[in-house]
Amino acid sequence: MDVTKILQSADELVFTQTGKHLDNIQERIIKGVWEDKTYEEMARDCDKSESHVRNIGYKLWKLLSEALGEDIKKTNFRSTFERLNIELCPNSLNVYNINSNNNHFCHAQTLSQPNKKYQESDINNKSKSVYHNLTLAPQIINFYNRETELKTIFNWILKQNSRLISILGLSGIGKTALVKRFIDLNLDEFEVIIWRSLKYPKPLELLVKDLLNIIKPEDKQTIDDQVKQLLDILINKKCLIILDDVQNIFTPGQFAGQYQPEYQSYQNFFTLVTEVEHQSSLILISQEQCPEMEGWENELYPINCLELSGLYDLEILNNKGLKNYESWLNLINLYEGNPVYLKSIAILIKNIFDGDVAEFLAENELVITQEMRSHFNQLFNRLSPIEQQIVLKLSQFEQSVSRETLRESLELSSTDLINGLQSLQQRYLVTKIKQDKIMFKLSSIFGKYVKNFNLD
Numbered sequence: 001m002d003v004t005k006i007l008q009s010a011d012e013l014v015f016t017q018t019g020k021h022l023d024n025i026q027e028r029i030i031k032g033v034w035e036d037k038t039y040e041e042m043a044r045d046c047d048k049s050e051s052h053v054r055n056i057g058y059k060l061w062k063l064l065s066e067a068l069g070e071d072i073k074k075t076n077f078r079s080t081f082e083r084l085n086i087e088l089c090p091n092s093l094n095v096y097n098i099n100s101n102n103n104h105f106c107h108a109q110t111l112s113q114p115n116k117k118y119q120e121s122d123i124n125n126k127s128k129s130v131y132h133n134l135t136l137a138p139q140i141i142n143f144y145n146r147e148t149e150l151k152t153i154f155n156w157i158l159k160q161n162s163r164l165i166s167i168l169g170l171s172g173i174g175k176t177a178l179v180k181r182f183i184d185l186n187l188d189e190f191e192v193i194i195w196r197s198l199k200y201p202k203p204l205e206l207l208v209k210d211l212l213n214i215i216k217p218e219d220k221q222t223i224d225d226q227v228k229q230l231l232d233i234l235i236n237k238k239c240l241i242i243l244d245d246v247q248n249i250f251t252p253g254q255f256a257g258q259y260q261p262e263y264q265s266y267q268n269f270f271t272l273v274t275e276v277e278h279q280s281s282l283i284l285i286s287q288e289q290c291p292e293m294e295g296w297e298n299e300l301y302p303i304n305c306l307e308l309s310g311l312y313d314l315e316i317l318n319n320k321g322l323k324n325y326e327s328w329l330n331l332i333n334l335y336e337g338n339p340v341y342l343k344s345i346a347i348l349i350k351n352i353f354d355g356d357v358a359e360f361l362a363e364n365e366l367v368i369t370q371e372m373r374s375h376f377n378q379l380f381n382r383l384s385p386i387e388q389q390i391v392l393k394l395s396q397f398e399q400s401v402s403r404e405t406l407r408e409s410l411e412l413s414s415t416d417l418i419n420g421l422q423s424l425q426q427r428y429l430v431t432k433i434k435q436d437k438i439m440f441k442l443s444s445i446f447g448k449y450v451k452n453f454n455l456d
């Protein structure tokens with residue numbers, strides 16, 4: 001059993017006791033115990049005093065002991081959890097059996113000697129059927145400084161009852177982590193939660209059938225009947241459905257947001273979810289904007305878009321084995337606050353520069369790792385030929401460029417240039433800058449890739 005599963009179980013147990021998730025030091029303690037470290041070693045890892053870490057550990061073992069009805073301590077934590085984790089998964093609402101492919105979920109059942117708050121929650125939920133299918137959702141161990149965005153999603157879904165929400169931004173920017181964090185904090189607000197990835201998309205008919213099989217298995221023959229049944233459920237239950245990697249139902253090699261023919265029915269489905277009055281929400285996580293989201297009027301329909309930009313928080317580089325704390329912000333700025341890019345470059349700095357960030361920055365070069373290059377290859381190949389021409393030209397300019405300058409530099413009609421720029425903005429590769437005149441700037445990292453690598 002790996003430590004990730006243990007962290008998930010411990011996090012859920014602590015949450016039932018306190019209403020809060022494991023903090024960074026608590027996670028470090030659990031990982032440390034799993035690796036047979038002493039409190040002294042854990043304290044060095046956390047950059048805290050040994051007494052401080054030991055005190056937090058004592059309180060953590062006490063919480064887990066109360067939740068499980070067993071005497072948990074540092075010396076028996078691992079053996080106890082290896083034994084109990086198998087028993088917990090089938091019987092508790094919040095500790096999921098992530099190894100199981102079964103899609104049924106039980107009513108809340110109490111662990112031995114549950115605390116009063118958890119017991120009351122169980123009693124209040126007895127009258128409801130709760131289906132939380134998060135088998136395909138990622139587990140989030142570390143979450144950094146997106147509190148404003150979390151509040152925004154909370155207000156849209158639980159205050160304004162927004163029916164359709166798009167979470168948008170470049171790959172690696174933290175869209176999926178943000179949505180999963182929102183779910184972790186608000187599980188009890190929904191009778192039904194289902195997470196599905198469209199990384200390998202399926203026709204709408206199969207997706208709807210999959211959703212119905214989870215919630216209310218019935219044999220409905222036609223897609224129209226199945227969609228109607230699903231909408232009835234959205235009306236009668238408070239549901240949250242998440243579709244991740246939505247960009248994969250769009251056509252590569254064309255402008256952003258153009259549906260592939262076999263997935264065109266998703267467009268009608270999103271429209272129905274928006275126009276039919278119900279109490280549920282559908283979240284779309286995508287690198288490209290759905291064209292409908294811009295076409296609908298917010299005054300008429302409860303829809304919202306949240307566009308994520310870079311995360312400029314020093315905490316994002318914690319635990320990466322890096323030195324020169326005073327140089328971290330410069331590194332974050334260089335890689336536009338993208339957590340995935342920063343993780344990749346941190347590994348390179350640790351391996352080649354012994355973690356010395358200042359020495360790496362002294363190279364005065366925006367380095368593209370092999371992992372980034374592979375990612376950008378996929379991204380470039382999704383662009384239309386017109387977009388490829390535009391980014392190749394933009395990569396030649398150090399500063400932002402006006403539309404007029406681009407038109408003079410490219411053999412494109414005004415229509416093609418305008419549509420290409422709009423599509424690149426919808427992919428979050430080009431930013432519009434308002435100065436004396438409107439200017440356009442290519443993402444620095446993507447521009448470096450385009451300029452330096454052979455894209456034949």
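Residue numbers (full-length UniProt numbering): 1 to 456. Ideal Cβ placement from N, Cα and C applies to all residues, glycine included. Since the model is a prediction, treat every value here as computed from it, not as a measurement.
Contact check for Ser-65 and Asp-71: beta-carbon distance about 6 Å, within the 8 Å limit, so the pair qualifies.
Rounded to the nearest whole angstrom, the CA to CA distance from His-132 to Lys-451 is 46 Å. Listed as beta-bridge partners of Arg-146 by DSSP are no residues whatsoever.
Burial of Lys-180 is indicated by the presence of at least 16 other C-beta atoms within 10 angstroms of its C-beta. Separation of the CB atoms of Gly-257 and Glu-288 is rounded to 5 Å, and the pair is thereby assigned contact status at 8 Å. Within 10 angstroms of the beta-carbon of Arg-196 lie 16 or more other beta-carbons, which makes it buried. Distance from the Cα of Phe-270 is smallest, within the candidate group Val-208, Leu-308, Leu-329 and Glu-307, for Val-208. Rounded to the nearest whole angstrom, the CA to CA distance from Tyr-39 to Lys-59 is 14 Å. For Ser-265, the three-state secondary structure derived from DSSP is helix. A Cβ-Cβ distance of about 6 Å is found for the pair Lys-199 and Asn-248, placing them in contact under the 8 Å criterion. Proximity to Gln-264 across Lys-238, Cys-239, Pro-291 and Leu-240 peaks at Pro-291, based on C-alpha coordinates. In this structure, Thr-369 sits away from Ser-395, with a CB-CB distance that is not shorter than 8 Å. The Cβ-Cβ distance between Leu-230 and Leu-243 does not fall below 8 Å. Residue pairing for Ser-413: DSSP places it in no beta bridge. Looking from the CA of Val-276, the closest CA among Asp-225, Tyr-301 and His-21 belongs to Tyr-301. The closest CA to that of Phe-250, considering only Tyr-335, Lys-323 and Gln-426, is found on Gln-426. The C-alpha of Thr-431 is placed about 8 Å away from the C-alpha of Met-439. Fewer than three Cβ pairs drawn from the segment 1-19 and the segment 38-56 lie within less than 8 Å of each other, which leaves the two stretches out of contact. Close CB contacts of Gly-172 within its chain, under the 7 Å cut and outside five residues either way in sequence, are with Asn-338, Pro-339, Val-340 and Tyr-341 (chain order).
If you look at Ser-51, you'll find it isn't in any beta strand (DSSP E); it sits in the alpha helix (DSSP H) that goes 50-68. Within the DSSP bridge table, the entry for Val-192 names Tyr-131 and Cys-239 as partners. DSSP lists Ile-165 as the bridge partner or partners of Asn-304.
Taking Tyr-144 as reference, the option from Thr-176, Thr-4 and Leu-164 with the minimal CA-CA separation is Thr-176. C-alpha of Phe-397 to C-alpha of Pro-385: approximately 20 Å in a straight line. As the crow flies, the alpha-carbon of Arg-83 is around 49 Å from that of Met-293. Look at Ser-402 here: in three-state DSSP terms it is strand.
Contact check for Tyr-449 against Arg-373 passes: the beta carbons are separated by less than 8 Å. Judged by DSSP in its simplified three-state form, Leu-185 adopts helix.
Across the structure, Pro-138 and Ile-347 are spaced so that their CA atoms are roughly 22 Å apart. The residue among Arg-403, Tyr-335 and Lys-434 with its C-alpha nearest the C-alpha of Ser-444 is Tyr-335. At a Cβ-Cβ threshold of 8 Å, Ile-25 and Lys-5 do not count as neighbours. Closest in C-alpha terms to Leu-136, from the list Asn-351, Ala-43 and Ile-241, comes Ile-241. Less than 8 Å divides the Cβ of Glu-149 from the Cβ of Leu-178. Between Gly-355 and Ile-390, the C-beta gap is not smaller than 8 Å, which leaves the two residues out of contact. For Ser-9, the enclosing alpha helix (DSSP H) covers residues 3-18. Sorting Gln-160, Lys-151, Phe-182 and Ser-409 by C-alpha distance to the C-alpha of Ile-140 places Phe-182 at the top.
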